[in-house]
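Everything on this sheet refers to the single structure shown next.
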Amino acid sequence: MSASSKTRVILLGAQHPHFYIRGGILKSREDVEVVGFWEADTKLVDKVAAKLSVQKFESVEELLKVPFDAAFVHTLDPENPRVARLAAAAGAKALLLEKPGATHPREIYALVEDLKTYPDLIVEWGWEMHYAEVMDVVRSLVRKDTLGQITTSHWHGGTPSGGGMELWQRQPGTLGGFLYMDGAHTIEAIVDVFGLPGRVCASIRKLPKGEKHKIVSCWYDMERDELDPSTEFAVGEMPYEDIGSVILEYETHNVVADFTAWEPTDWCVDWGINIYGTNGTFHGVLNPPVAEVMLREGKDGYKKGKTQMTTELDKGVTNQLGYYKKQIDLFLRRTRTGEKTESAGVEVQVPLMKIMEAIYASSREGKFKGIQ
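Take the sequence shown: its letter number 189 is residue 232 in the numbering used here, and every next letter is one higher.
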């Protein structure tokens, strides 16, 4: 493919391990030219340049002078809105912003309003689990009413033990910790499937300090990378919450979601989804993908009784990288052609942030909060 026909991508910030995942995917694509990257942390710059083999630029302004089509923003949340605005002003056709994208929902709302002044700008947030194959099944079941009238559903999310101690989970001045940063993956999925609830009630707790135990996973920061699994942390020593429980009330059903920063398993292994309808049920896990549909009466291509989802990879094998690839592929298609595809854009991000704001307010005030 000629250089002129490639999508030119710049990388702004390298303060999240998703930077390496997305950067690696972009570098492997023949239809993409990764022009360069900028990172403010001088200790990190040379490490990133060597690891990803990408040209470094001394300042964000210098990099933004180079012709580009799309910008991938992986700064920390306090910096994300500023950098996103700079990229948009420099003529970006598309922005992919690491989630949640700012320290507080009000900053997301302000950023969205500013980005609306660029009517053709494509904006995507880094909710890669939006593209999990299990979510494709869930969307279809709910949108087609395959399960009949849904009355209740239960969703679980969180981080592996140790994950809540990562740098991006413990930034000062944020709305919250792991629940805001990673538990929101689960809330994003709920919003995507069901839309905005009428009101929410939540309990978000920092637990009493427990005994130290070995972690499952913790990418402490981008300089030290992933901590040795012999590292020990204790419940209750994080700067923010340890657990969260949420009820989301919709007109025709309830959704219950619970979260812990201390899962004894690796990422997403216990991120379960259970949906109950008058014609059937759905039970699934996001990754490695598992999904089972049980119907009283066959509908929409599903037989009566149980149907196991056929997975893209072998049963029990993680497809996490595949979800990043799908997100990037659809994002680049929209950038090049303007094609309407599945996305995790403004139409998902703004309702999600409204719910997150209400969840934390409900916990503080000890009562249901309506979604404004």
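Glycine residues also receive a C-beta, built at the ideal position from the N, C-alpha and C atoms.
These numbers come from a predicted model, not from an experiment.
Range of the contiguous alpha helix (DSSP H) that encloses residue i
i	result
residue 203	No alpha helix (DSSP H) contains residue 203, which is instead part of the beta strand (DSSP E) from 193 to 203.
residue 378	363 to 380
residue 176	176 to 186
residue 63	61 to 71
residue 317	Element bounds for residue 317: not the alpha helix (DSSP H) but the beta strand (DSSP E), 315 to 320.
residue 90	85 to 95
residue 124	123 to 132
Rounded separation between residue i and residue j - CA only
i	j	result
residue 376	residue 386	11 Å
residue 309	residue 206	10 Å
residue 161	residue 391	18 Å
residue 128	residue 153	11 Å
residue 189	residue 354	20 Å
residue 295	residue 91	49 Å
residue 107	residue 115	12 Å
residue 302	residue 312	13 Å
residue 281	residue 297	31 Å
residue 356	residue 409	44 Å
residue 398	residue 110	37 Å
residue 171	residue 178	11 Å
residue 212	residue 380	36 Å
residue 271	residue 259	9 Å
residue 169	residue 141	5 Å
residue 358	residue 394	34 Å
residue 101	residue 94	17 Å
residue 366	residue 174	5 Å
residue 19	residue 348	The structure shown does not extend to residue 19, since the chain spans only 44 to 415, so no value can be given for it.
residue 415	residue 151	15 Å
residue 71	residue 62	14 Å
residue 217	residue 138	22 Å
residue 400	residue 193	26 Å
residue 53	residue 157	21 Å
residue 167	residue 155	11 Å
residue 286	residue 374	33 Å
residue 221	residue 407	17 Å
Beta-ladder partner(s) of residue i, from DSSP
i	result
residue 262	269
residue 206	According to DSSP, residue 206 bridges with nothing at all.
residue 301	199, 288
residue 407	Paired residues: none, contrary to the question.
residue 275	257
residue 248	286
residue 51	76
residue 168	140
residue 351	335
residue 100	Beta-bridge pairing links residue 100 to no other residue.
residue 325	318, 336
Which listed residue (the options) has its alpha carbon closest to that of residue i
i	options	result
residue 332	348, 346, 360, 338	360
residue 370	379, 357, 384, 358	384
residue 176	329, 393, 349	329
residue 304	379, 279, 165, 169	279
residue 342	73, 62, 314, 187	187
residue 147	79, 227, 194, 159	227
residue 198	62, 271, 237	237
residue 292	224, 51, 182, 240	240
residue 246	132, 218, 284	284
residue 196	349, 66, 325	325
residue 164	132, 256, 124	132
residue 363	314, 233, 406	314
residue 144	191, 307, 224, 262	224
residue 389	97, 124, 159	159
residue 253	277, 350, 183, 235	277
Boundaries (first-last residue) of the beta strand (DSSP E) holding residue i
i	result
residue 156	No beta strand (DSSP E) contains residue 156, which is instead part of the alpha helix (DSSP H) from 148 to 158.
residue 257	255 to 257
residue 111	Where residue 111 is concerned, there is no enclosing beta strand (DSSP E), given that its DSSP letter is neither H nor E.
residue 459	In the structure as shown, the chain starts at 44 and stops at 415, and residue 459 therefore has no counterpart that could be examined.
residue 238	Run containing residue 238: none; DSSP gives neither H nor E here.
residue 330	Looking at the DSSP string, residue 330 is not in any beta strand (DSSP E), and its letter there is neither H nor E.
residue 75	75 to 81
residue 139	137 to 140
Cut-off 7 Å between Cβ atoms - residues of its own chain near residue i, not counting five sequence neighbours on either side
i	result
residue 86	266
residue 290	243, 244, 297, 299
residue 372	none
residue 103	55, 81, 126, 129
residue 51	76, 78, 110, 111, 112
residue 273	257
residue 65	115, 367, 371
Residues near residue i by beta carbon distance below 6 Å, same chain, minus five either side
i	result
residue 118	56, 58, 126
residue 404	412
residue 88	82, 99
residue 345	336, 338
Contacts around residue i, its chain only, beta-carbon distance under 8 Å, and the 5 residues preceding and following it disregarded
i	result
residue 368	68
residue 352	176, 177, 180, 327, 332, 333, 334, 335, 336
residue 382	376
residue 136	112, 113, 163, 164, 165, 378
residue 275	255, 256, 257, 258
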